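Report on the structure given below.
Residue numbers (my numbering), protein chains in the order written: chain A, 777 to 1361; chain B, 777 to 1361.
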């Protein structure tokens, strides 16, 4: 659809922001008539929104095809059996939408398609000659967000381009992974979207090596850490970032034995530090987690927060939650607030009974507690703490834990690899994600391929996703002004918005003819031929935000002059039909 | 994607038909590697299948846009509230797939989008100036078929193009309806698909005037009635077709009064007719239905079947089922098999109690029982029938029922409007459907639009659907031979399938260069560069069914000769690269 009139394709502009709109893209896409909420987390793409969506789909398809990815179309509703095979039927929780058919058989409204694509690969891959192969689709996905919000940024139904590659070895996976990184950069470049690619934790996907494409934004739900020196390419999701303290902890041998102090009523590290007049960074913070079969007791420096993602990854425990008070009492023999590694009444790998259930205890120490003396810690006794605690003497961090990093990094810490550069933080919205999955799914689906010698092997796998709605929304987050959206030409529904100013049908007829002329030259133009005031049309032209505006009025009738306005910088110039046709200015 | 090599885009061909495949399109699309079943009623579009799907999507989009229809994208998962508003939450039954979100709120996996689109119209339509408008989308739909089968023909998840138009008056609706009919003809013409457009009953859609686009096929699930004279354009779905008997019933006054006959043990019309030596067409067949609040007793000529769709439409009753024996006994005071209009112990519009529930009785007479004497009918008494029953004397068809037509028409009946032409029947698969919906939904959604004088009115509505998967499958049903599919160029994944016959890498390099040359000239070609025997490649070329095959071997190396084979007629000719580039032969 290159060109159309307002009388054929109606505008859906409105003066009112949706009541629940708090972010720019949600407000502008709604007011400019691109989207409309139907129910919580479910959006209609209105005619202009659909045109933007299709342009983005086409950009993605072209770039994926250019990278020899192969497009397929998988069912949205996927068989529960596939999810049982990968064990994600249980682990995906309530965010995964499920339903039963008329025979009470369970299906999943696919949030992602690793299972489905692995099933496909298991059906068709036989020989190393077919590898590497990278299947992709552009399709609808579901995620039952507790709190859908921000318009297209956090929906329950959304479109993703998701790709899944299969490889004979890691080298091949790395090549495709790098190719996809470049493909994503190309896609976002064509959308004129500034993204940061960021090291990420691969979380529930269960992978090894992954990178997120983030759009820096105050409304982002993820915290990114970047090097303060922008020439240094260090970017990490806070969930993944390594913690390197800017001021080193003091590694010294304590000259005193542990001494028990009465700290009646003081529980938090801050309270006790103030009370004892000790430095908070010399404290040991003890955090106790549990799940259905384990209790994890983590020890970190008192001045920092624990990074639960890094902790889970190290221990391999899923679904850890803060321990209940009864569990704390069972393992420390004291109420909460007084736990510590010295004289802790439980040992690593021992089983304890809490609430009639046997659980295994795991003690996990952050590396920044090693070889330190003068530490302060809870005494595992109500209203008491120890000072002068020495690692290696009063408690011992096992050799295999000597590099454990379970502290949440933050702005002000050092950039890993650069001990004179600090980290700064920013918030970000994830628009794309590339992962090395390894063999998690190819093993689950028992994918076997024959190598050159006829010996069977299990391929390794990568996955690569882009959210289309989020991409559209974040482009608007980055490109707008107080009057409305400012589309890049690559995504704009039309190149030109033609405002006609006429007083009678005779004048209108001249502009109708001009439009027909533009159409015959395949110029992408939206012609606002409504019988409305110039003010209304100018307002809608700015709000809808096509890159160029053509204003035709009495000057055009007099001498063929058309006013061209650049939406981005507001610059105006007078041109003629010939200029448009010949130069497509 | 204009061109690609087998080493980049793998073939998914196989020698085996799916176990459940009984129809040509299911077998060939599977064997040729276009589709793969994931679970019952859910199909993957493999790379070639996806290319066909996208070509069809593009054809439909172009033709819809040409008709000034406006594309949007509605959520697939729709709010149950919308379905309550139209009362289809209850009436759609088990075919409509439903689910609950994490808050136990109900959603529908949309089988169709009248509700959703009416909601959209209610939000945006304000003025007659916005009318007519025709919104469409190309999106996924769900129908929980009891027995999914025939590959893409009867799926549970499928893609439809569905359009919904809104109008100020019937004339405008008729214009768009006619435009859509033409648009559909254009679409099917571009797909080279032979369709019949057939008058249809609009069933659960609740409309007035509709037409189906059917593909004649033995595996069709609908029966079509056509005039034996193909120059006469009468085509109707059996559910809709008017019944006009080829041999008129005798309208005569009986000279005798009704006479009761003992017919012990004879129940069916056929048994009694044989026993009494009376003509079956002089019998009255009595059929008793019921639903939760009504009992409908229908009377038709003994030689015919009842058309329940026409009956429901006339009486306005939904969900009629055959009456239970207890109901029959309640209303006829006899066991089933002996009901009849003469001396029937219940009257029209009277209430009766059956199984502790009050139901209203409705008597419905087919017009072919009017003014007839010598009728034979059950006596409402076990083992007894009456002969010499006279309409107008022994039972009376009310004046308002004098044109009621509730008999199922069939081959051999007369073509309505042509009393010397008979009907013939054929089976058909529905690929498209156009409806005049009227105000059913615009009323339910309280859509109000202001007319020229500022007075508000409710627009009238039309809806127009095409099934994409069915269209693809029926094209294959019509276009194949024993070797495989024969695609029309408009839908084929590629125009050319290039078979290369080489003995060493040096020869292969020549063909690789030829392919690069074709690519540089934007020729749509799939290059089978596999290291397989010529036989394997020829078989796959025929099976996958692109319209033209290019065979390159030693002749090409010797003098640049390429063998061109037309897949449809098998004709071969020798051409050169220049011929392809210049004439795109």
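For glycine and all other residues, C-beta sits at the position ideal for the given N, C-alpha and C.
As the structure is a prediction and not an experimental result, all values here were calculated from the model.
Under the assumption that residue 913 of chain A contacts residue 833 of chain A (Cβ atoms under 8 angstroms), give the Cβ distance between them as a whole number of angstroms.
In the first chain, counting from the first residue as 1, residue 913 of chain A sits at position 137. In the first chain, counting from the first residue as 1, residue 833 of chain A sits at position 57. The Cβ separation is near 11 angstroms, so there is no contact.
Can you list, in chain order, the residues of the stretch 841-853 of chain A whose Cβ is nearer than 8 angstroms to any Cβ on chain B? Listed by position along the chain: 841, 844, 846, 847, 848, 849, 850, 851, 852 and 853.
Check your understanding: How many angstroms separate the CA atom of residue 1054 of chain B from the CA atom of residue 1067 of chain B?
Key -> Along the second chain, read from residue 1 onward, the residue named residue 1054 of chain B stands at position 278. Along the second chain, read from residue 1 onward, the residue named residue 1067 of chain B stands at position 291. Cα to Cα, residue 1054 of chain B sits roughly 34 angstroms from residue 1067 of chain B.
Exercise. Hey, could you find the ends of the alpha helix (DSSP H) residue 893 of chain A is sitting in?
Key: Looking up residue 893 of chain A in the first chain gives position 117. Looking at the DSSP string, the run of the alpha helix (DSSP H) that includes residue 893 of chain A is 890-900.
- Item | residue 1197 of chain B, enclosing beta strand (DSSP E) - first and last residue | Counted from its first residue, the second chain places residue 1197 of chain B at position 421. For residue 1197 of chain B, the enclosing beta strand (DSSP E) stretches over residues 1194-1214.
**Request:** Could you list which residues in chain B have their beta carbon closer than 9 angstroms to that of residue 823 of chain A, in chain order?
**Result:** Taking the first residue of the first chain as position 1, residue 823 of chain A is located at position 47. Neighbours of residue 823 of chain A on chain B, chain order: 846, 847, 848 and 911.
Next item on the list: Check whether the Cβ of residue 1158 of chain A lies closer than 7 angstroms to any Cβ atom in chain B.
Entry: If you number the first chain from 1, residue 1158 of chain A lands on position 382. For residue 1158 of chain A, the closest Cβ of chain B is not nearer than 7 angstroms.
Q) Does the beta-carbon distance from residue 1136 of chain B to residue 1147 of chain B come in below 7 angstroms? A) For this step, residue 1136 of chain B is matched to residue 360 along the second chain. For this step, residue 1147 of chain B is matched to residue 371 along the second chain. With contacts defined by Cβ atoms closer than 7 angstroms, residue 1136 of chain B and residue 1147 of chain B do not form a contacting pair.
Nearest residue (CA-CA) to residue 1163 of chain A, options A:1154, A:1356 and A:850: What you label residue 1163 of chain A is simply residue 387 of the first chain in a count that begins at 1. It is A:1154.
Quiz item: For the candidate residues B:1304, B:1279 and B:1322, whose alpha-carbon lies nearest to that of residue 1333 of chain B?
Solution: As a position in the second chain, residue 1333 of chain B is number 557, starting the count at 1. Nearest C-alpha to residue 1333 of chain B: B:1279.
So, helix, strand or coil for residue 1255 of chain B, using DSSP?
Translated into positions along the second chain, residue 1255 of chain B becomes position 479. Note: residue 1255 of chain B maps to coil in three-state DSSP.
So, using beta-carbon positions, are residue 1320 of chain B and residue 808 of chain B closer together than 7 angstroms? For this step, residue 1320 of chain B is matched to residue 544 along the second chain. For this step, residue 808 of chain B is matched to residue 32 along the second chain. Cβ distance < 7 angstroms, so residue 1320 of chain B and residue 808 of chain B count as in contact.
Can you grab the Cα-Cα spacing for the pair residue 1359 of chain B / residue 1330 of chain B, in whole Å?
For the purposes of this step, residue 1359 of chain B is identified with residue 583 of the second chain, where counting begins at 1. For the purposes of this step, residue 1330 of chain B is identified with residue 554 of the second chain, where counting begins at 1. For residue 1359 of chain B and residue 1330 of chain B, the distance between alpha carbons rounds to 24 angstroms.
Residue 1189 of chain A - DSSP class collapsed to helix/strand/coil
In the first chain, the residue the question calls residue 1189 of chain A occupies position 413. DSSP places residue 1189 of chain A in coil when its eight states are reduced to three.
*asked:* Between A:800, A:793 and A:920, which has its C-alpha nearest residue 1254 of chain A's C-alpha?
replied: Within the first chain, the letter at position 478 stands for residue 1254 of chain A. Per the Cα distances, A:800.
**Message:** According to DSSP, simplified to helix, strand and coil, what is residue 1146 of chain A?
**Reply:** Against the first chain, residue 1146 of chain A aligns to sequence position 370. Correct three-state label for residue 1146 of chain A: coil.
* Straight-line CA distance for residue 786 of chain B to residue 817 of chain A? -> What you label residue 786 of chain B is simply residue 10 of the second chain in a count that begins at 1. What you label residue 817 of chain A is simply residue 41 of the first chain in a count that begins at 1. A direct Cα-to-Cα measurement between residue 786 of chain B and residue 817 of chain A gives close to 38 angstroms.
Next on the checklist: Quick check: the Cα distance between residue 788 of chain A and residue 1206 of chain A, rounded to an integer number of angstroms?
Outcome noted: Stepping through the first chain from its first residue, residue 788 of chain A is reached at position 12. Stepping through the first chain from its first residue, residue 1206 of chain A is reached at position 430. When rounded, the distance between both Cα atoms is 29 angstroms.
By how many angstroms is the C-alpha of residue 876 of chain A removed from the C-alpha of residue 1103 of chain A? Position 327 of the first chain, counted from the first residue, corresponds to residue 1103 of chain A. Position 100 of the first chain, counted from the first residue, corresponds to residue 876 of chain A. Straight through space, the alpha carbons of residue 876 of chain A and residue 1103 of chain A are spaced by roughly 38 angstroms.
Exercise. Measure the Cβ-Cβ separation of residue 1026 of chain B and residue 1014 of chain B and say whether it is below 7 angstroms.
Key: Within the second chain, numbered from 1, the residue matching residue 1026 of chain B stands at position 250. Within the second chain, numbered from 1, the residue matching residue 1014 of chain B stands at position 238. No. Outside cutoff.
- Item | contact_flag[the stretch 1220-1230 of chain B, the stretch 1047-1063 of chain B] where n(CB pairs < 8 angstroms) is 3 or more | Because the criterion of three Cβ pairs below 8 angstroms is not met, the stretch 1220-1230 of chain B and the stretch 1047-1063 of chain B do not touch.
- Message: What does the Cβ neighbour count give for residue 1129 of chain A, buried or exposed, with the cut at 16 atoms within 10 Å?
- Response: Along the first chain, one-based indexing puts residue 1129 of chain A at 353. Residue 1129 of chain A comes out exposed.
Check whether chain A comes within 7 angstroms of residue 933 of chain B, counting only Cβ atoms and requiring the distance to be less than that.
The sequence position of residue 933 of chain B within the second chain is 157, counting from 1. Yes - at least one Cβ of chain A is within 7 angstroms of the one on residue 933 of chain B.
Is there at least one Cβ from chain A nearer than 7 angstroms to residue 820 of chain B's Cβ? Here the question's residue 820 of chain B lines up with position 44 in the second chain. Taking Cβ atoms only, chain A reaches closer than 7 angstroms to residue 820 of chain B, which makes this a yes.
Notebook entry, point to check: Apart from the five residues on each side of it in sequence, which residues of its chain come closer than 8 angstroms, Cβ to Cβ, to residue 979 of chain B?
Noted result: The residue given as residue 979 of chain B occupies position 203 in the second chain. For residue 979 of chain B, the pLDDT reaches just 42, beneath the cut-off of 50, and the residue's location in the model is therefore unreliable, although a value from the coordinates is still provided. Counting only Cβ-Cβ distances below 8 angstroms, and skipping sequence neighbours, we find 1015 and 1085.
(request) Answer with buried or exposed for residue 1318 of chain A, where buried requires no fewer than 16 other C-beta atoms within 10 angstroms of its C-beta. (result) Residue numbering aside, residue 1318 of chain A sits at position 542 when the first chain is read from its first letter. Around the beta carbon of residue 1318 of chain A, a 10 Å sphere encloses 16 or more other beta carbons of the protein chains shown; the residue is thus reported as buried.
Which residues in chain A have a C-beta closer than 9 angstroms to the C-beta of residue 1229 of chain B? List them in chain order. Counted from its first residue, the second chain places residue 1229 of chain B at position 453. What residue 1229 of chain B touches in chain A: nothing, since even the nearest Cβ is about 17 angstroms away.
key: residue 983 of chain B to residue 845 of chain B span [Cα, whole Å]   = What you label residue 983 of chain B is simply residue 207 of the second chain in a count that begins at 1. What you label residue 845 of chain B is simply residue 69 of the second chain in a count that begins at 1. Since pLDDT at residue 983 of chain B reaches only 44, below the 50 mark, its modelled position is unreliable, and the value read off the structure follows with that caveat. When rounded, the distance between both Cα atoms is 21 angstroms.
Check: Quick one, are the C-beta atoms of residue 1210 of chain B and residue 966 of chain B less than 7 angstroms apart?
Finding: As a working note, residue 1210 of chain B is residue 434 in the second chain. As a working note, residue 966 of chain B is residue 190 in the second chain. With contacts defined as CB atoms closer than 7 angstroms, residue 1210 of chain B and residue 966 of chain B fail to qualify as a contacting pair.
Q) Mind checking residue 840 of chain A: buried by the 16 CB within 10 Å criterion, or exposed? A) Working through the first chain from its first residue, we reach residue 840 of chain A at position 64. Buried: at least 16 other Cβ atoms inside 10 Å.
For this session: For residue 1341 of chain B, count neighbouring C-beta atoms within 10 Å of its own C-beta (all shown protein chains included) and say buried if the count is 16 or more, exposed if not.
Result: Taking the second chain and counting its residues from 1, one reaches residue 1341 of chain B at position 565. Around the beta carbon of residue 1341 of chain B, 16 or more other beta carbons lie within 10 angstroms, which makes this residue buried.
Cβ separation of residue 1287 of chain B and residue 1276 of chain B, assumed to be a contact under 8 angstroms, to the nearest whole Å: Translated into the one-based positions of the second chain, residue 1287 of chain B becomes position 511. Translated into the one-based positions of the second chain, residue 1276 of chain B becomes position 500. The beta-carbon distance between residue 1287 of chain B and residue 1276 of chain B, rounded to whole angstroms, is 4 angstroms. This is short enough to meet the 8 angstroms contact definition.
In or out: residue 850 of chain A buried (at least 16 other Cβ within 10 Å) or exposed?
For the purposes of this step, residue 850 of chain A is taken as residue 74 along the first chain, with counting starting at 1. Label assigned to residue 850 of chain A: buried.
Comparing C-alpha positions only, which one of B:1272, B:1063 and B:1124 sits nearest to residue 1173 of chain B? Here residue 1173 of chain B refers to the residue found at position 397 of the second chain. Restricting attention to B:1272, B:1063 and B:1124, the CA atom closest to the CA of residue 1173 of chain B is found in B:1124.
- For residue 1024 of chain A, count neighbouring Cβ atoms within 10 angstroms of its own Cβ and tell me buried if that reaches 16, exposed if not. On the first chain, position 248 is the one that residue 1024 of chain A refers to. Its Cβ having fewer than 16 others within 10 Å, residue 1024 of chain A is exposed.
- Where DSSP assigns a beta bridge to residue 878 of chain A, which residues make up the other side? The count along the first chain starts at 1 and reaches residue 878 of chain A at position 102. Looking at the DSSP assignment, residue 878 of chain A forms no beta bridge with any residue, so it has no partner.
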